[in-house]
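The numbering used here puts the first residue of the sequence shown at -7, with every later residue one more than the last.
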Amino acid sequence: MIPRPRDLSIHTRLFLGFAITLVLSGLVMAAAVYLGMRYLPTYGFQTPGYVDIHPGHQLPLPEPTVEPAPEPSPNPLAQTTTIDSKEDVWATVLLISLSAAALVALLGLAVSWFTTRRLLTPLHTITLAAAKAGTGNLSYRINAAGPPDELRRLADTFDDSLARLERSFDAHSRFAANASHELLTPLATTRTALQVAGQDPTGKELVRLAPMLARTNDRCIEIVTELLQLAAAEHAQPDPAPVDVAALVQEEYTEAAARAEAAGLSLNSVLEPDSTVPGNAALLRRLVHNLLDNALTHNEPQGWVRVTVRQDPQGAQVLLRVENSGPQVDPTTTTRLFEPFYRANSRVRSDRSGHGLGLALTQSIARAHGGTITATARAAGGLAVTVRLPAEKPG
């Protein structure tokens, strides 16, 4: 059964395309040379035994003197083909043209075979990488070499996609483990308290444990509520209403000032007016609140918090920067701060004042508004978080 063209590999189809093109080009070249040599020039060959006296009239020549045949040359390559008529010329031209066309076709096919095979080698590697990714192995990389052509760019794009998928799967695995731990701890505490209370027939233990049970239950409710907010923010479609980020920060700043004063922290701001972005005011307010809360919570005695809102020089973005003093943060872990339930400090040392969802929620809100958020560890300790949002276009 002859395979259909669509069933052939790309390499075979490219090779066949080159082959057909070369053969047809060679045949066209041979036909052009033969027809041109046969019909375009006017040849002045004489009929053997006659001499032309004027066009159309010939006189017989005298009988040629018979001369002894020359000795054959010892070198076969020195022998030449004698052309005595126009038919000999046409036959010679046709033979040479077809031979040259065949030689060109063979050389072209050989070059085409190796060229297409070399060009399409990355496709085989990409196929192998895709097969490995399909089995769950996301660590394989193509690392294609060669010129930056389309296939090289395709391979590099595939490597980038695999890297993002690997990071995403790792983050989801950590999220599942951390979420299970966050919910399991208060539930286990509740179960233990209920068991203790159930063993007391007088009911006094239940009265004593009731406040703890209420706090544990509230903690579970807070975790679930923040998870729901995180899920809603990731799929939010912000309204295209203009929102003044500086005004939002000023509102949250007023509320945070009392908390900063009670904690002995210095809070100051530099707000550029009319820093307007299109978006959802409620979500952006939550973003500002979480950033200020994070800066105040993870600080040190006599520390400080600085908030800055300004537009970039081109006016295309509004920059919100929240910077705070505090303990040293490992620069290699700053990207993980935006993962749900991740804490820079270990769970044993943590004061458990939060659930590790605040920065994850701010990242989702920033992305929903077409912006970005980054965190940078300060050399002197503490963190600097920068949010970039597309500015409202004038008019």
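Glycine included, C-beta positions come from ideal geometry on N, C-alpha and C.
Small disclaimer: the values here were computed from a predicted structure and weren't measured.
Let me know if residue i comes out buried or exposed under the rule of 16 or more other beta-carbons within 10 Å of its beta-carbon.
i, result
"T354", "buried"
"V379", "buried"
"V299", "buried"
"R211", "buried"
"E331", "buried"
"L120", "exposed"
"P114", "buried"
"I88", "exposed"
"L99", "exposed"
"A206", "exposed"
"N260", "exposed"
"I12", "exposed"
"G128", "exposed"
"E384", "buried"
"E244", "buried"
"V216", "exposed"
"L176", "exposed"
"L394", "In the structure displayed, the chain extends from -7 to 387; residue 394 sits before or after that span and is not available."
"R154", "Per the sequence shown, residue 154 should be read as Leu rather than Arg. Label assigned to L154: buried."
"A180", "exposed"
"F161", "exposed"
"V377", "buried"
"V262", "exposed"
"A202", "exposed"
"S317", "buried"
"V252", "The question names Val, but residue 252 in the sequence shown is Ala. Burial call: buried."
Residues in the same chain with beta-carbon distance under 8 Å from residue i, minus the five sequence neighbours each way, listed in chain order, please.
i, result
"T108", "H3, L6, F7 and F10"
"L143", "L111, L112, P114, L115 and A136"
"Y364", "Rather than Tyr, the amino acid found at residue 364 in this sequence is Thr. Counting only Cβ-Cβ distances below 8 Å, and skipping sequence neighbours, we find A358, V379 and R380."
"L69", "Residue placement at L69 is poorly supported in this model, since its pLDDT is 36, which falls under 50; the coordinates still yield a value, given next. Once the five neighbours on either side are set aside, L69 has no close Cβ partner at all."
Can you name, in chain order, every residue of its own chain whose Cβ lies under 7 Å from the Cβ of residue i, other than the five neighbours on each side?
i, result
"L257", "L288, N291, G295, W296 and V297"
"E158", "L130 and S131"
"M204", "A185"
"Q265", "According to the sequence shown, residue 265 is Pro rather than Gln. Correct list, in chain order: A238."
"W105", "F7"
"L90", "A22"
"P319", "E292 and G373"
"V25", "V85 and S89"
"R302", "E264, S267 and L311"
"N286", "G350 and L351"
"A122", "none"
"G307", "A383"
"H281", "E244"
"G195", "none"
Excluding five sequence neighbours on each side, which residues of the same chain lie with their C-beta closer than 6 Å to the C-beta of residue i?
i, result
"A372", "none"
"D236", "T268"
"P178", "T208, R211 and C212"
"V314", "L283, A287, V299 and V377"
"L189", "In the sequence as displayed, the identity of residue 189 is Ala instead of Leu. Excluding sequence neighbours, A189 sits near E197, L198 and L201."
Measuring only from the beta carbon, is residue i closer than 7 Å to any heavy atom that is part of the ligand PLP?
i, result
"A23", "Ligands displayed in this structure: none; no statement on the ligand PLP is therefore possible."
Rounded to the nearest angstrom, how far is the Cβ of residue i from that of residue j, given a contact under 8 Å?
i, j, result
"L351", "L329", "5 Å"
"A147", "A136", "4 Å"
"D192", "L186", "Actually they do not touch by this definition, with Cβ atoms about 11 Å apart."
"L284", "A248", "5 Å"
"A93", "L19", "6 Å"
"V103", "M29", "Between M29 and V103 the Cβ distance is about 29 Å, and since that is not below 8 Å, they are no contact."
"P382", "Q309", "6 Å"
"A367", "T324", "Actually they do not touch by this definition, with Cβ atoms about 12 Å apart."
"A97", "V15", "5 Å"
"D152", "I134", "That pair is no contact at about 11 Å."
Run through the stretch 271 to 307 for me and flag every whole alpha helix (DSSP H) of 4 or more residues, listed as ranges in chain order. 273 to 289
Output the residue ranges of the alpha helix (DSSP H) runs that lie fully inside the stretch 188 to 223 and measure 4 residues or longer, sorted by chain position. none
Whole alpha helix (DSSP H) runs in the stretch 230 to 263 with 4 or more residues, listed along the chain? 237 to 254
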